[in-house]
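Some notes on the structure that comes next.
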Amino acid sequence: MNENITNINPKEFMRTVDLHFHTNHSDGKNTPEEMLNAYKEKGFKKVAITDHNVLTAHRNLNIPNGIEVIKGIEFDCWDGYVFMHVLGYNIDIDNPKLNKLCAKNRLAATNDIIRFINHRSAKNVIKTIKEAGGIAILAHPACCWSRDIKKTIKKLVSYGLDGIETHYYYRRHRAYTKFYEPDYIKQIGDELGILQTGGSDSHSVEAIIKLED
Ligand SMILES: [Zn+2]
Ligand SMILES: [Zn+2]
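Here the sequence shown stands for residues 0 to 212, numbered as in numbering that gives the first Met the number 0.
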């Protein structure tokens, strides 16, 4: 039932598929509908809304014809002292446990201090995403605050992590510190034989990445 994620050709990421973007339900600029219409206009066929710590964008959503919208979320969480973002896809947005992990409101969803105080464990986040019928992916692994990313990914896989976000538009990230080379991340994904997804992490209509051949 997660074939809509597992059957994507890697070449489609940021061409016709984008599994990572934000709306004004967290720290994005545009409404979900504005984002979806912009993606559709650019020729995208499949996208996932992945707001920080909230599911509200998926409720009462008007989906334009001709584009598949995957229900997603991006959780801030910790594994010991390692801070990371974990994406959930195809989740049941009415799952009570999943909703308990969510931020209470938009301010809490986007406020860094609250995000740091609100301690979610990666193990619990991954377990809950799976229980809600979804698949769990480590977002932008090259930005993960881990001293040994391979070891961290292996540990997360032991918790039930399905894959990593290999195809990520790192070039834009001024705000993030990149700790690892994207090629190394892909190498780990290949070696472990886990799912490798992709997304642009766009926070506005103007920021949508459309790669051309
Ligand atoms: Zn992130
Ligand atoms: Zn993001």
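Glycine is no exception: its CB is placed at the ideal position from the N, C-alpha and C atoms.
Could you check whether residue 156 and residue 191 sit closer than 8 Å to each other, using their CB atoms as the reference points? Their beta carbons are under 8 Å apart, which means residue 191 touches residue 156 by this criterion.
Residue span of the beta strand (DSSP E) that contains residue 189, given as start and end: It is not in any beta strand (DSSP E) - residue 189 instead sits in the alpha helix (DSSP H) that spans 181-191.
Near ligand 1, which residues have their beta-carbon closer than 7 Å to a heavy atom? Here the list is 73, 84, 138, 139 and 200.
Looking at C-alpha atoms only, which residue of 92, 138 and 170 is the closest neighbour of residue 160? Considering only alpha carbons, the answer is 138.
The alpha helix (DSSP H) that contains residue 15, what's its start and end? Following the DSSP letters along the chain, one finds residue 15 in no alpha helix (DSSP H), marked with neither H nor E.
In DSSP terms, what residue 72 is bridged to: Beta-bridge annotation (DSSP): residue 72 is paired with 87.
Quick check: the region 119-128 against the region 37-47, are at least 3 beta-carbon pairs closer than 8 Å? Verdict: no, contact absent.
From which residue to which residue does the alpha helix (DSSP H) around residue 274 run? Nothing about residue 274 can be reported from this structure: the residues present for the chain run from 0 to 212 only.
Could you say if the region 80-95 and the region 8-15 meet the contact criterion of at least three C-beta pairs nearer than 8 Å? Note that the region 80-95 does not touch the region 8-15; fewer than 3 beta-carbon pairs, one per stretch, sit closer than 8 Å.
Can you look up residue 128 in the DSSP assignment and give me helix, strand or coil? Residue state for residue 128 is assigned as helix, using DSSP reduced to three classes.
For the beta strand (DSSP E) holding residue 46, just list the boundary residues, first then last. 45-48 is the span of the beta strand (DSSP E), which, as asked, contains residue 46.
Measure the C-alpha to C-alpha separation of residue 207 and residue 121 and round it to an integer number of angstroms. Distance between the alpha carbons of residue 207 and residue 121 is about 28 Å.
Is residue 127 near ligand 2, going by C-beta to nearest heavy atom under 7 Å? Residue 127 Cβ: outside cutoff for every heavy atom of ligand 2.
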